[in-house]
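Just remember that my numbering sits 34 ahead of the position in the sequence shown, which is counted from 1.
All residues carry an ideal CB built from backbone N, CA and C; glycine is no exception.
Predicted, not measured: the structure shown is a model, and the values here were computed from it.
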Amino acid sequence: MDRFDRLLVEADIYWMRIGATRLIFLLFLVCCLSVELGAQGAAPAVRIGILAKRGFQQCYEQWNQTAEYLDVKIPESTFIIVPLDFDKVEVVVKNRAIDFIFANPSDYVFLETRYRINRIVTLKNLIMGQGYIEFGGVVFCRADRVDMHGLNDLKNKVFAAVDETSFGGWLMTYRELKKHGIDPNTDFSRFAFAGTHDAVVKQVLSGDADAGTMRSDTLEQMEAEGKIRKAQLRILNDMGAEYPAFPFALSTRLYPEWPLAKLQHTDLELAEKVASALLEMKPTDPAALAANCAGWTIPSNYESINELLKELRVAPYDEYGIVTAAQILEQYWPHILATALTILLAITMTGM
35 MDRFDRLLVE ADIYWMRIGA TRLIFLLFLV CCLSVELGAQ GAAPAVRIGI
85 LAKRGFQQCY EQWNQTAEYL DVKIPESTFI IVPLDFDKVE VVVKNRAIDF
135 IFANPSDYVF LETRYRINRI VTLKNLIMGQ GYIEFGGVVF CRADRVDMHG
185 LNDLKNKVFA AVDETSFGGW LMTYRELKKH GIDPNTDFSR FAFAGTHDAV
235 VKQVLSGDAD AGTMRSDTLE QMEAEGKIRK AQLRILNDMG AEYPAFPFAL
285 STRLYPEWPL AKLQHTDLEL AEKVASALLE MKPTDPAALA ANCAGWTIPS
335 NYESINELLK ELRVAPYDEY GIVTAAQILE QYWPHILATA LTILLAITMT
385 GM
């Protein structure tokens, strides 16, 4: 990636922090510049939107070398990383402002249903020298909180999660809370979304929240980065014994890792080249090291994600299992009509 494209990415990060309107304007401007550069013989820009679960700067630092890796493998294109807030993911997909999207599995299922995106590879997350294609959620409080040991102890407490669409940072835990009969809308004294995984930890450690939830392995990563000590925290609803091969703090069931998906408008041949290049990435490649991954693998099965979203009635299944009067009429109108006519005939005969 040349210096011009790097400046565009830095500008992208800045403007996206201050509003969706300016984000869309910037993307439009970048597209116009890319068209002009293309006319001058420059490689066309390919934008990879990435959900910035730990913030924009961390996202750019983690994934920029993957863009450079793809630049080398596919020299006819120039790849640009576009970090995204949770609430910008659908916006950029809907407006075709990006060509590929790398987001959490629940976002993927929603976007697949609504905008027909298609997964091409799944991440192999690298943690403590091992590659993993599954992850979970972890619920935690401060270690000195002697009043909390299980999920039932969360009632009447202040609880922090990442975002209402965050899969590892909320929806996984929401399912476990529901299993234990806990309604976050009524059983917490206060419930708020912090925006990033790091912010959830900060709120719990500072006492602004009694407990919180985030995706598994993040606590271990933050400790490796020198940001926290795991001994400061206690894990609630520890499910490690149920998944002995999974070596990280865990409070929920395991689900498949994040997929990279092509948008409907993205050229199929380009998507095949991207998938092939990523599948060839070695764990020792600088791009893999920067991304903290062991490379990529073939797309996982995401049926367990569908099951979770249906159970929680979360988009795209927010109306799942709800039968409307219109649906009843559409399916059973012949029977309803026959019954009505029978009743009407009976009334008429009685009147005679």
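Inter-residue spacing [alpha-carbon to alpha-carbon] between residue i and residue j
| i | j | result |
| --- | --- | --- |
| Tyr-208 | Phe-144 | 17 angstroms |
| Thr-373 | Lys-158 | 59 angstroms |
| Gly-165 | Ala-328 | 5 angstroms |
| Ile-381 | Leu-371 | 15 angstroms |
| Asn-219 | Phe-225 | 8 angstroms |
| Leu-323 | Gly-202 | 22 angstroms |
| Met-206 | Thr-376 | 51 angstroms |
| Val-126 | Asp-119 | 11 angstroms |
| Leu-304 | Glu-110 | 10 angstroms |
| Val-80 | Asn-186 | 48 angstroms |
| Glu-314 | Val-106 | 13 angstroms |
| Ala-243 | Arg-148 | 35 angstroms |
| Pro-281 | Leu-253 | 12 angstroms |
| Lys-296 | Ser-223 | 41 angstroms |
| Ser-240 | Glu-353 | 38 angstroms |
| Thr-247 | Ala-195 | 5 angstroms |
| Phe-59 | Val-180 | Low per-residue confidence applies at Phe-59: pLDDT is 44, beneath 50, and the placement is therefore not dependable enough to give any value. |
| Gly-163 | Glu-259 | 15 angstroms |
| Met-234 | Gly-215 | As written in the sequence, residue 234 is Val, which differs from the Met given in the question. Distance between the alpha carbons of Val-234 and Gly-215 is about 23 angstroms. |
| Asp-221 | Pro-333 | 38 angstroms |
| Phe-415 | Asp-217 | Absent from the model: residue 415. The displayed extent of the chain is 35 to 386, so no value can be given. |
| Glu-306 | Asp-133 | 13 angstroms |
| Pro-117 | Asp-141 | 15 angstroms |
| Lys-236 | Lys-264 | 13 angstroms |
| Cys-66 | Ala-275 | Caution is warranted here: a pLDDT of 47 is assigned to Cys-66, below 50, making its placement in the model unreliable, and the coordinate value is therefore given only provisionally. About 54 angstroms. |
| Asp-121 | Lys-128 | 12 angstroms |
| Pro-368 | Thr-331 | 51 angstroms |
Under 9 angstroms between C-beta atoms of residue i and residue j
| i | j | result |
| --- | --- | --- |
| Ser-200 | Arg-130 | no |
| Gly-170 | Leu-284 | yes |
| Ile-154 | Pro-293 | yes |
| Val-123 | Ala-101 | no |
| Asp-232 | Ile-161 | no |
| Ile-151 | Gln-298 | yes |
| Gln-91 | Ala-321 | no |
| Glu-291 | Pro-139 | yes |
| Ala-177 | Arg-268 | yes |
| Glu-84 | Ile-135 | In the sequence on display, residue 84 carries Ile and not Glu. Against a cut-off of 9 angstroms, the Cβ pair of Ile-135 and Ile-84 comes out as a contact. |
| Cys-93 | Ile-115 | yes |
| Trp-204 | Glu-210 | no |
| Thr-230 | Ala-325 | no |
| Tyr-351 | Asn-335 | no |
| Tyr-103 | Ala-279 | no |
Sequence-distant residues of its chain with Cβ nearer than 7 angstroms to residue i (five each side left out)
| i | result |
| --- | --- |
| Gln-245 | Per the sequence shown, the amino acid found at residue 245 is Ala instead of Gln. Same-chain partners within the cutoff: Val-173, Phe-174, Cys-175, Met-182, Leu-188, Lys-191, Phe-193, Val-238, Leu-270. |
| Ala-349 | Phe-144 |
| Gly-184 | Leu-270, Asn-271 |
Neighbourhood of residue i by C-beta, 6 angstroms cutoff - its chain only, sequence neighbours within 5 removed
| i | result |
| --- | --- |
| Met-256 | Ile-262 |
| Asp-301 | none |
| Ser-338 | Tyr-289 |
| Pro-317 | Ala-328, Gly-329 |
| Ala-309 | Ile-154, Val-155 |
8 angstroms CB neighbourhood of residue i in its chain, flanking five on each side removed
| i | result |
| --- | --- |
| Lys-212 | Glu-345, Leu-346 |
| Met-273 | Gly-170, Leu-284, Ser-285, Thr-286, Arg-287 |
| Tyr-277 | Gly-170, Leu-284, Leu-288 |
| Gln-96 | Ala-324, Ala-325, Asn-326 |
| Asp-319 | Tyr-103, Gly-329 |
| Leu-379 | none |
| Glu-146 | Asn-152, Arg-153, Ala-295 |
Counting only runs of 3+ residues fully inside the segment 173-259, write out the beta strand (DSSP E) ranges in chain order.
192-195, 224-227, 245-249
Every unbroken alpha helix (DSSP H) within the segment 72-134, with a cutoff of 4 residues, ordered by chain
90-107, 123-128
Whole alpha helix (DSSP H) elements within the segment 327-355, 4-residue minimum:
337-346
Just to confirm the assignment: which complete alpha helix (DSSP H) runs, minimum length 4, are found wholly within the segment 255-315?
302-313
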